[in-house]
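Each residue of the sequence shown is one higher than the last, beginning at 324 in this note's numbering. Report on one structure; see the data block that follows.
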Amino acid sequence: MLEELQQHDAKVLELEVEAKAIPARLAQLSEDVARVSAVLEREKVQLTETERYRSEQDTQLKHEEQQLAKAKQKATQVKNQKEFMSLQREIETTRRLIGEREEEVLKLSEAVEAFRAKIVSHEADVAKLREGFEAERTAADVRLAALSAAIAEHRKARDLVAVKVRADVRRKYDAIKLKKGRAVVAVKGGVCQGCNMRIPPQLYNTLQRGNSLELCPTCARMIYWDRIMDEQKLEAGEAKPAE
Ligand SMILES: [Zn+2]
Numbered sequence: 324m325l326e327e328l329q330q331h332d333a334k335v336l337e338l339e340v341e342a343k344a345i346p347a348r349l350a351q352l353s354e355d356v357a358r359v360s361a362v363l364e365r366e367k368v369q370l371t372e373t374e375r376y377r378s379e380q381d382t383q384l385k386h387e388e389q390q391l392a393k394a395k396q397k398a399t400q401v402k403n404q405k406e407f408m409s410l411q412r413e414i415e416t417t418r419r420l421i422g423e424r425e426e427e428v429l430k431l432s433e434a435v436e437a438f439r440a441k442i443v444s445h446e447a448d449v450a451k452l453r454e455g456f457e458a459e460r461t462a463a464d465v466r467l468a469a470l471s472a473a474i475a476e477h478r479k480a481r482d483l484v485a486v487k488v489r490a491d492v493r494r495k496y497d498a499i500k501l502k503k504g505r506a507v508v509a510v511k512g513g514v515c516q517g518c519n520m521r522i523p524p525q526l527y528n529t530l531q532r533g534n535s536l537e538l539c540p541t542c543a544r545m546i547y548w549d550r551i552m553d554e555q556k557l558e559a560g561e562a563k564p565a566e
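In structure tokens:
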């Protein structure tokens with residue numbers, strides 16, 4: 324009965340550990356979505372800023388082109404050499420400015436394209452992560468419901484066994500379980516399966532008779548002879564003894 328109690332306790336613990344890990348896993352996925360989304364948002368801001376700067380440069384360029392056209396127009400109408408030279412210098416300067424500006428606009432256009440490509444790729448990443456998160460959340464809800472049902476079932480089965488165990492034995496079991504995790508262990512070939520230590524031959528003989536509740540002298544767990552169940556089953560005609 325104690326062994327059965329322990330099996331239910333172990334199962335409840337195992338299922339609880341699994342259930343507790345689920346929200347942590349979901350939180351991790353949600354964090355991934357948030358992180359990539361934040362990167363995406365930053366890139367969108369950078370794109371907007373770069374586009375705005377390019378538009379400013381474009382306006383400047385148009386202004387300089389108008390200036391150039393005006394200066395060229397004036398140059399056809401000048402009366403003296405000095406004025407002509409001055410206009411010629413203005414035309415040269417404006418041409419150089421236009422050349423630099425065009426280069427700048429080209430660079431900005433390339434940057435805009437690079438940001439757009441990055442944004443498309445990261446939008447796909449975010450969509451994929453979101454999809455994965457949603458799928459995982461749906462699966463988690465189903466699994467959590469199943470776990471909670473299984474836990475309730477094992478608790479119920481445990482309680483049904485527990486009421487059959489003597490109260491003082493149950494208290495002892497609970498106390499050892501609290502300290503050691505596993506309270507009941509088999510002794511196999513004279514060796515305690517809880518601490519792997521050999522128990523004294525005298526105690527091993529006592530165990531094989533199976534009339535008393537004994538504790539391992541080393542690890543203080545409740546011990547039983549591993550074949551005692553087989554002997555009992557044999558007596559009850561339920562099963563053949565194990566090797
Ligand atoms: Zn032991």
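Cβ coordinates follow ideal geometry from the N, Cα and C atoms, glycine included.
Legend entry - Which listed residue (LEU325, ASP332, GLU327, MET324) has its alpha carbon closest to that of ALA475: Comparing Cα positions, the closest option is ASP332.
Legend entry - Host beta strand (DSSP E) of MET520 (start-end): Where MET520 is concerned, there is no enclosing beta strand (DSSP E), given that its DSSP letter is neither H nor E.
Legend entry - Segment limits, alpha helix (DSSP H) that includes VAL488: Where VAL488 is concerned, there is no enclosing alpha helix (DSSP H), given that its DSSP letter is neither H nor E.
Legend entry - Residue environment, VAL508, which counts as buried when at least 16 other CB atoms sit within 10 Å: buried
Inset, instruction - Evaluate GLN329 with the Cβ neighbour count: other Cβ atoms within 10 Å of its Cβ, from every protein chain shown; 16 or more gives buried, anything less gives exposed. - result: buried
Legend entry - Sequence-distant residues of the same chain with beta carbon closer than 7 Å to ILE442, five excluded per side: LEU363, GLU366, LYS367, LEU370
Legend entry - Selected residue, minimal CA-CA separation from ARG550, among VAL514, LEU429, LYS402: VAL514
Inset, instruction - Mind checking who GLU366 pairs with in its DSSP beta bridge? - result: Note: GLU366 sits in no beta bridge, so no partner.
Legend entry - Neighbourhood of LEU384 by C-beta, 7 Å cutoff - its chain only, sequence neighbours within 5 removed: ILE421, ARG424, GLU425, VAL428
Inset, instruction - Using only alpha-carbon positions, find the residue among GLN380, LEU410, GLU388, ALA450 that is nearest to SER353. - result: ALA450
Inset, instruction - Could you give the DSSP three-state label for LYS402: helix, strand or coil? - result: Shown here, LYS402 sits in coil according to DSSP, grouped into three states, outside any helix or strand.
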